[in-house]
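Here's the structure we're looking at; comments come further down.
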Amino acid sequence: MKNIKPLIAQILPSMIELRRDIHAYPEPGFQEFETSQKVLNQLRNISDIQIRKGIAGSGIVATIGGNKIGPCIALRGDMDCLPIQEKTNKPYASKRPGYMHACGHDGHTACLVGAALVLSKIQDELKGPVKFIFQPSEEFDGGAQRMYDAGALENPKVDAIFGLHCYPGHGLELGEVAACRGSAMAGSGNFKIIIQGKGGHAAYPHNCIDPIYIGMQVGNVLQSIVSRSTNPIASLVVTVSKFHAGTATNIIPDTAILEGTFRSLKPKLLKQAARQIELLAKQTAKAFGAVAHVEIQEGYPVLINDGKSTLLFERIARRVLGEEAVKENYAPLMGCEDFAYYAEQIPGTFWFLGIRPKGMTVYPHCHHPSFDFNDDALEIGITMHCEIARNFAALWNN
Ligand code: NI
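In our numbering, the protein residues as written are 41 to 438.
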């Protein structure tokens, strides 16, 4: 096998430039058309590549080695930004007010482009096709599901998919990587509870059915789902994050609205929580003579890493980055990630790329206005994408 280090060194300066260019012009979910064009401009330098663009809007699926008969691997990158006003003061900071790459998807995109450029130069080594999936809208409305529905994992059919996310905290430093075995990131759901009471004068509560008081009881009782009905060892969080009611101090309103989220690493617990939220809200309201209307909205599924592909990832990472660089038994995260949709369909591993420089104790967290992807991590991201892809066929069928 060729040493790919010099190939990566060759493209690294232009990948840093690409990353910063994407950073300066962030685009929110399903609107990543300029970003997508920047990716295409890079991929067009590759001679033997099949490109499908305009998938799920701005998505791209590019394939190299499409005629090879070995197992097919897909590498995935996300391209969308967040609705946050940037406060990094970097020279390449967002030029679009109210939007920024606060989750490192600019870095993920550059890592994937870099991998495509490098792997295209060692195509003779590949035993099977390698697919590069550039997807829109990871943050909202599940771009991954739309890519899947549009056939991103077909023609050629993908055997396993890998994706990375930069991670500044949680014990990971620059140069280190980790993949959770099994559940890696939480699945989620949202709820909205409308309590219909009977409004009136605030000095005559006995003539009213006070939806604010009842809403407070509902908010309280929902906390019993985690504390009283769930095994303390299991993971579940229920949070009421919105409570709106009332207009004036001397009026009891007709309605109160509570909204919130629930998350778990176990699909079964999500279903159970949804049922309990509805039951407890309705019964509590009923006990006070009010009616609760409950809407439950499903969010992303639990992201469950496949055992075989995760062991393969760890094996390659240890060989390439060193034993110490791979964190084992990495604790799962309660954030959500739409890579879960791919991993529901085929074996997949979603792994974390450390970006916090060694010795630095505090690095702005993802989704913070001071967050910025660390360009020093690009080389590791590109290296790991390439090494997973070129070793995949030999290890997968063993
Ligand atoms: Ni993200």
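We put the beta carbon where it would ideally sit given N, CA and C, even for glycine.
Every value quoted in this text rests on a predicted model; they were computed, and no experiment measured them.
{"Item": "Anticipated Cβ contact below 8 Å, residue 367 with residue 212, distance rounded", "Value": "7 Å"}
{"Item": "Residue 96 and residue 187 closer than 7 Å at C-beta", "Value": "yes"}
{"Item": "Collapsed DSSP secondary structure at residue 426 in the structure displayed", "Value": "helix"}
{"Item": "Residue 74 (DSSP reduced to helix, strand or coil)", "Value": "helix"}
{"Item": "Bounding residues of the alpha helix (DSSP H) (the contiguous stretch that carries residue 57)", "Value": "45–64"}
{"Item": "Sequence-distant residues of the same chain with beta carbon closer than 6 Å to residue 196, five excluded per side", "Value": "112, 169"}
{"Item": "Contact test: residue 151 Cβ vs the ligand NI heavy atom, cutoff 6 Å", "Value": "no"}
{"Item": "Beta-carbon spacing of residue 336, residue 229 below 7 Å", "Value": "yes"}
{"Item": "Entirely enclosed alpha helix (DSSP H) segments - the segment 143–169, minimum 4 residues", "Value": "145–161"}
{"Item": "Endpoints, the beta strand (DSSP E) within which residue 389 is located", "Value": "388–394"}
{"Item": "beta-carbon residue 143 near the ligand NI non-hydrogen atom, thresh 6 Å", "Value": "yes"}
{"Item": "Whole alpha helix (DSSP H) elements within the segment 358–390, 4-residue minimum", "Value": "379–385"}
{"Item": "Beta-ladder partner(s) of residue 304, from DSSP", "Value": "227, 276"}
{"Item": "Residue from 333, 381, 77, 83 whose Cα sits closest to the Cα of residue 62", "Value": "77"}
{"Item": "Other residues of its chain near residue 242: CB distance less than 7 Å, five sequence neighbours each side excluded", "Value": "289, 290, 291, 292"}
{"Item": "Same chain, Cβ closer than 7 Å to residue 419, neighbours up to 5 away in sequence not counted", "Value": "48, 52"}
{"Item": "For residue 400, three-class secondary structure by DSSP", "Value": "coil"}
{"Item": "Opening and closing residue of the beta strand (DSSP E) in which residue 343 lies", "Value": "343–345"}
{"Item": "Spatial distance of residue 262 from residue 390 (CA atoms)", "Value": "32 Å"}
{"Item": "Delimiting residues of the beta strand (DSSP E) encompassing residue 115", "Value": "113–118"}
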